[in-house]
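Protein chains in written order, with full-length UniProt numbering: chain A, 1 to 475; chain B, 1 to 96.
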């Protein structure tokens with residue numbers, strides 16, 4: 001297997017697949033590193049093997065993945081499944097682990113298409129067995145044909161929460177309640193965004209159908225819920241919340257949480273990409289130009305990882321990055337790049353019309369969440385919200401300092417599950433903005449791997465240089 | 001907590017789960033396969049000593065970390081295979 005590629009794509013969701021297909025079609029030598037066993041990312045997970053019943057239930061938005069994967073399979077891009085990237089640098093070096101072996105490759109360009117994840121939100125009891133992300137239930141349905149069998153409560157905020165609710169209703173799952181933390185009435189700002197959204201009646205119709213399915217089912221649906229709490233001993237027994245000024249409680253076997261979607265940014269942070277904070281959606285994203293180029297000339301950010309805009313936008317963003325890379329490799333002149341990009345940009349624009357409306361309706365509010373001192377914030381290291389508050393009271397003002405003092409974010413997930421809430425808590429406690437308290441530093445390996453694997457690596461590429469173990473500690 | 005849809009016909013594979021030969025549905029991740037059989041506890045947290053179950057099923061949370069064929073791995077990222085040796089190290093904890 002070769003160890004040099006014109007371009008390496010990390011992730012095989014809509015952005016990665018579109019970028020890789022396009023670059024390969026342009027004649028570039030492309031490698032795709034996918035952590036999953038099959039292409040599709042989360043949105044098109046397992047779509048190639050999906051049963052007709054699953055395809056039917058998930059609809060056109062899922063089936064689209066089939067065309068994308070077909071195009072990808074026809075292209076010359078080389079696909080590595082189960083490839084877990086654990087080190088990347090902006091000079092194009094990538095280390096990844098596959099089948100218990102690690103290897104290093106070098107690429108002229110790196111396209112990061114690692115997508116998004118659900119915003120982890122530490123409500124009391126969220127670490128009890130029986131509490132899961134709504135996205136997890138969706139993944140289980142796609143991957144394994146699993147459906148929740150006991151009483152289910154869905155809680156949180158965002159269109160995907162309602163989408164999951166409507167899917168479960170159609171499957172006949174017993175839902176005890178839907179507890180939305182979204183305000184009853186959207187903010188007046190919403191009106192401004194309604195006008196462009198009206199140009200996409202197809203999109204609005206989809207949303208209305210979803211809401212109608214939920215309404216028709218007669219399932220208890222509370223809005224503006226606060227003080228959400230999962231209760232149980234060794235596993236979930238009950239979900240409690242305050243709705244309309246009263247405490248409500250529901251016996252349940254499964255609680256599905258969803259608080260919107262945020263970009264997965266570990267790879268960008270590892271490579272030292274400049275990050276910016278989206279104050280409205282309360283997440284960090286890499287700064288990039290209209291082609292997806294980050295502050296590093298050869299590193300591109302595409303898909304939801306560069307800002308959450310959904311599966312179609314991800315695909316278009318992937319195409320744009322591919323065209324620019326094709327141009328930089330001398331395959332297409334700039335006028336051809338621009339000509340090919342023009343219809344894609346038009347589709348991207350049209351796709352985005354309703355997005356500000358949806359974003360505004362479901363925008364997370366600062367301090368909206370009920371962070372209780374006893375709640376476990378960092379699952380890996382068992383650090384509570386109270387531990388973090390105590391550190392801040394003692395004068396610590398930056399998330400990395402909190403990490404050193406409390407171990408919050410030091411476990412195997414490397415702060416993926418606690419990082420966003422950690423910043424919210426530190427900022428609230430220090431009476432400052434999330435932007436001011438920093439981002440957890442990311443170091444290799446991005447995911448834990450056995451040390452023996454590193455020792456056994458062939459280091460042809462790096463052999464000219466001396467080992468520099470302290471590279472990441474220098475600024 | 002989960003049931004398999006009627007239209008799925010994933011053939012079972014035999015694995016050694018916590019020292020006992022166990023038949024589990026194949027063609028899915030180890031985490032999904034265990035969940036489909038009602039085995040919801042994936043590990044005992046080394047930090048809190050409390051049981052954990054998979055939370056994200058997409059490789060983020062590490063709540064499903066277990067020993068698979070001798071190496072600690074995320075059960076949601078590994079496909080279940082015939083003959084696999086899976087150790088959750090639940091100790092004396094009883095599963096429902």
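Glycine included, each C-beta is placed from N, C-alpha and C at the ideal position.
All values derive from a computational prediction rather than experimental measurement.
| Asked | Found |
| --- | --- |
| At a Cβ cut of 8 Å, what residues of the region 240–257 of chain A count as close to chain B, listed as they run along the chain? | 253, 254 |
| Using CA coordinates, which residue listed in A/61, A/87, A/14 is at the minimum distance from residue 69 of chain A? | A/14 |
| Assign residue 251 of chain A to one of two classes, buried (16 or more other C-beta atoms within 10 Å of its C-beta) or exposed (fewer than that). | exposed |
| Please name the residue in A/225, A/403, A/458 whose C-alpha comes closest to that of residue 442 of chain A. | A/403 |
| In its own chain, which residues sit with a C-beta less than 8 Å from the C-beta of residue 168 of chain A, not counting the 5 before and 5 after it? | 137, 147, 148, 152, 154, 175 |
| The beta strand (DSSP E) that contains residue 20 of chain B, what's its start and end? | 20–25 |
| Just to confirm before moving on: does the CB-CB distance between residue 360 of chain A and residue 186 of chain A stay below 9 Å? | yes |
| Within the continuous alpha helix (DSSP H) that includes residue 23 of chain A, where are the two ends? | 14–25 |
| How is residue 362 of chain A classed by DSSP in three states: helix, strand or coil? | coil |
| I need the DSSP call for residue 11 of chain B, collapsed to helix, strand or coil. | coil |
| If you count every other CB in all the chains shown that lies within 10 Å of the CB of residue 85 of chain B, and 16 or more means buried, which is it? | exposed |
| For residue 97 of chain B, which of B/12, B/5, B/43, B/16 has the nearest alpha-carbon? | As displayed, chain B neither begins before 1 nor continues past 96, which places residue 97 of chain B out of reach and without an answer. |
| Verify whether the separation of the beta carbon atoms of residue 371 of chain A and residue 377 of chain A is less than 9 Å. | yes |
| If contacts are defined as beta-carbon pairs under 8 Å, then residue 434 of chain A and residue 423 of chain A qualify, I think. What distance do you get, rounded to the angstrom? | 5 Å |
| Where DSSP assigns a beta bridge to residue 79 of chain A, which residues make up the other side? | A/32 |
| DSSP has residue 67 of chain B in a bridge; who is on the other side? | B/72, B/87 |
| What span of residues does the beta strand (DSSP E) with residue 103 of chain A cover, start to end? | 101–112 |
| Short of 7 Å Cβ to Cβ, which residues in the region 57–79 of chain B face chain A? | 57, 58, 59, 60, 61, 62, 63, 65, 71, 77, 79 |
| Which residues mark the beginning and the end of the beta strand (DSSP E) in which residue 241 of chain A is found? | 236–243 |
| I need the straight-line Cα distance from residue 2 of chain A to residue 59 of chain B, nearest angstrom please. | 27 Å |
| Given that residue 147 of chain A touches chain B, what residues does it touch there, using C-beta distances under 9 Å? | 2, 3, 4, 5 |
| List the DSSP bridge partners of residue 155 of chain A. | A/179, A/257 |
| How would you write the range of the beta strand (DSSP E) that residue 2 of chain B sits in, first residue to last? | 2–4 |
| Kindly indicate which residue of A/219, A/32, A/131 has the alpha-carbon position closest to the one of residue 75 of chain A. | A/32 |
| To the nearest whole angstrom, what separates the beta carbons of residue 81 of chain A and residue 42 of chain A, a pair I think is in contact under 8 Å? | 15 Å between Cβ atoms; not a contact. |
| In angstroms with no decimal places, state the Cα-to-Cα distance between residue 362 of chain A and residue 161 of chain A. | 11 Å |
| Just the chain B side, please: which residues come within less than 7 Å of residue 413 of chain A by C-beta, in chain order? | 60, 61, 62 |
| Can you name, in chain order, every residue of its own chain whose Cβ lies under 8 Å from the Cβ of residue 28 of chain B, other than the five neighbours on each side? | 10, 36, 79, 80 |
| For a contact defined as C-beta to C-beta under 8 Å, what are the partners of residue 99 of chain A on chain B? | None at all; the shortest Cβ gap to chain B is about 11 Å. |
| Determine the burial state of residue 17 of chain A: buried for a count of at least 16 other Cβ atoms within 10 Å of its Cβ, exposed for fewer. | buried |
| Select from A/390, A/357, A/12, A/389 the residue whose C-alpha is nearest the C-alpha of residue 188 of chain A. | A/357 |
| Quick check: what's the CA-CA separation for residue 21 of chain A versus residue 29 of chain A? | 11 Å |
| Please report how far the alpha carbon of residue 246 of chain A lies from the alpha carbon of residue 30 of chain B, in whole angstroms. | 41 Å |
| Please go through the same chain and pick out, in chain order, the residues whose beta-carbon is closer than 6 Å to the beta-carbon of residue 78 of chain A, but skip the five residues on each side of it. | 31 |
| Near residue 483 of chain A, which residues of its chain fall below 6 Å by C-beta distance, leaving aside the five closest residues on each side in sequence? | The shown model of chain A, from 1 to 475, leaves out residue 483 of chain A, and the question about it has no answer. |
| Is there a Cβ of chain B sitting closer than 9 Å to that of residue 136 of chain A, yes or no? | yes |
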